[in-house]
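Numbering (my numbering), first residue to last: 744 to 1023.
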Amino acid sequence: MSNIKIHIFHTGKVCVSPNLPFGGSNCNPIKASGIFEKKENRLWLPVSSYLIEHPKGKFLVDTGWERAMSPNGLYDKKAQIKSLGSFILYLVNQGVVEFGECIDEQLTKIGIKTSDIDAVLLTHLDCDHANGLNQVKDAKKFLVSNDEYKFALKNPIRYNKNWLRNVELTKFEWNDNQGPFKKSYDLIGDSSIELINIPGHSDGLFAVKITNEEGKFVLLYSDGGYASKSWQEMITSGVAANKKHQKISLEWIREQSLNENCIKSLANHDIDVKPQVIEL
């Protein structure tokens, strides 16, 4: 009998230049931003969040967009710029979240209150992962790696502290040695949920590896790659804090994805991944 359930939600969509997810090693920030990209060439990608129902608690991975992005459930330029607090971020990634798609709305559908969440696990602090924190402000705890928090403070163009206005972040240091850089965080203390540092896209980015008693696992690798083709073809994204680290992290994602014990390997923005429940 399964002891762990992983719910995959699509919490809105984001519109970006193809160079942002699949720009590769030679992509520069301007090209990745898509500021000069033709509208018809841009991609609409899902924005995912995940609920892990574990015998030792309920854990939410990332939050997607907040309702204020689309107050009427439609694309709203003015509302998005206000929600993001940045015209530059709006130019890079336009977003929309239809009614019923915000993470709290989807949790309600499956009978879970935001106050039931033992911890929100923020893989990193980019807008499409942390903008929706206000939707789950009643959760018991909010975890982010200290490396990511420090990185965010150094990169105010990518981050806005207003997204954190109603929550208190708990910054953790790595306490285990899994992953490509031997830096991970054993969330519960039994290695069943490991937050594994995969730097490159940002310094403190982590993947979430959920492992059952038989050693079978699901890997949620956030923005370590933007789709399965990222690790299949070794295509790094166009947004990178450190391209060398990004490639090393992607190589590790590939290795894990091909492991015989890997049940699923999931990127946050993969158009081929549909909302579902994985029993592990």
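Where a beta carbon is used, it is the ideal one built from N, C-alpha and C, also for glycine.
(message) So, for residue 943: in the same chain, excluding its five sequence neighbours on each side, which residues have a beta-carbon less than 6 Å away from its beta-carbon?
(response) Against the sequence shown, residue 943 aligns to sequence position 200. Contacts found: 983, 985, 988, 989, 992.
(message) I need the DSSP call for residue 1021, collapsed to helix, strand or coil.
(response) By one-based count along the sequence shown, residue 1021 stands at place 278. Strand.
(request) Return the chain-ordered list of same chain residues with a C-beta closer than 7 Å to the C-beta of residue 762, the five sequence neighbours on each side being excluded. (result) The sequence position of residue 762 within the sequence shown is 19, counting from 1. If we look at residue 762 and ignore the five residues flanking it on each side, its Cβ neighbours are 770, 774, 775, 777, 981.
(request) Below 8 Å on the Cβ atoms is my guess for residue 914 versus residue 887; work out the distance and round it to an integer in Å. (result) Taking the sequence shown and counting its residues from 1, one reaches residue 914 at position 171. Taking the sequence shown and counting its residues from 1, one reaches residue 887 at position 144. Contact holds; Cβ gap of about 6 Å.
(request) Report all residues from its chain with a CB closer than 6 Å to the CB of residue 994; omit the five preceding and five following residues, and keep chain order. (result) For the purposes of this step, residue 994 is taken as the residue at position 251 of the sequence shown. So the list is empty, once near-sequence residues are dropped.
(request) Within 10 angstroms of the Cβ of residue 896, are there 16 or more other Cβ atoms? Answer buried if so, exposed if not. (result) For this step, residue 896 is matched to residue 153 along the sequence shown. Exposed is the call here.
(request) Return the residue from the list 867, 901, 863 that minimises the CA-CA distance to residue 911. (result) Taking the first residue of the sequence shown as position 1, residue 911 is located at position 168. Residue 863 is the option with its Cα nearest to residue 911.
(message) Using only CA atoms, which one of 1016, 924, 901, 961 lies nearest to residue 1004?
(response) Mapped onto the sequence shown, residue 1004 falls at position 261. The candidate whose alpha carbon is nearest that of residue 1004 is 961.
(message) Please identify the residue among 966, 806, 935, 836 whose C-alpha is closest to the C-alpha of residue 881.
(response) The count along the sequence shown starts at 1 and reaches residue 881 at position 138. Ranking 966, 806, 935, 836 by Cα distance to residue 881 puts 806 first.
(request) Would you kindly check if the distance between the Cβ of residue 965 and the Cβ of residue 1015 is under 8 Å? (result) Residue mapping note: residue 1015 aligns to position 272 of the sequence shown, counting from 1. Residue mapping note: residue 965 aligns to position 222 of the sequence shown, counting from 1. No; because the gap between Cβ atoms is not below 8 Å, this pair is not in contact.
(request) Go ahead and pull the three-state DSSP assignment for residue 813. (result) Position 70 of the sequence shown, counted from the start, is the residue given in the question as residue 813. Correct three-state label for residue 813: coil.
(request) Output the boundary residues of the alpha helix (DSSP H) element that contains residue 786. (result) In the sequence shown, residue 786 corresponds to position 43, counting from 1. Note, residue 786: premise wrong, no alpha helix (DSSP H); beta strand (DSSP E) at 786 to 797.
(request) Assign residue 754 to buried or exposed, taking buried as 16 or more other Cβ atoms, counted over all protein chains shown, within 10 Å of its Cβ. (result) As a first step, residue 754 is located in the sequence shown; it is residue number 11 there, counting from the start. It counts as buried.
(request) Report the residue ranges of all beta strand (DSSP E) runs contained in full by the segment 899 to 961; include only those spanning at least 3 residues, in chain order. (result) 912 to 915, 927 to 929, 936 to 940, 949 to 954
(message) According to DSSP, is residue 744 part of a helix, a strand, or is it coil?
(response) Translated into positions along the sequence shown, residue 744 becomes position 1. Bear in mind that the predicted position of residue 744 carries a pLDDT of just 37, short of 50, making it unreliable; the figure below should be weighed with that in mind. Of the three classes helix, strand and coil, the one that applies to residue 744 here is coil, per DSSP.
(message) Cutting at 7 Å between CB atoms, please list the residues of its own chain near residue 959, excluding the five before and the five after it.
(response) Position 216 of the sequence shown, counting from 1, holds the residue named residue 959. Cβ within range, chain order: 1004, 1006, 1023.
(request) Just the C-alpha distance for residue 803 and residue 746, rounded to the nearest angstrom, thanks. (result) Locating residue 803 in the sequence shown gives position 60, where the first residue counts as 1. Locating residue 746 in the sequence shown gives position 3, where the first residue counts as 1. Distance between the alpha carbons of residue 803 and residue 746: 17 Å.
(request) Report, in whole angstroms, the separation of the C-beta atoms of residue 823 and residue 758, which I expect to be a contact under 8 Å. (result) Locating residue 823 in the sequence shown gives position 80, where the first residue counts as 1. Locating residue 758 in the sequence shown gives position 15, where the first residue counts as 1. Between residue 758 and residue 823 the Cβ distance is about 11 Å, and since that is not below 8 Å, they are no contact.
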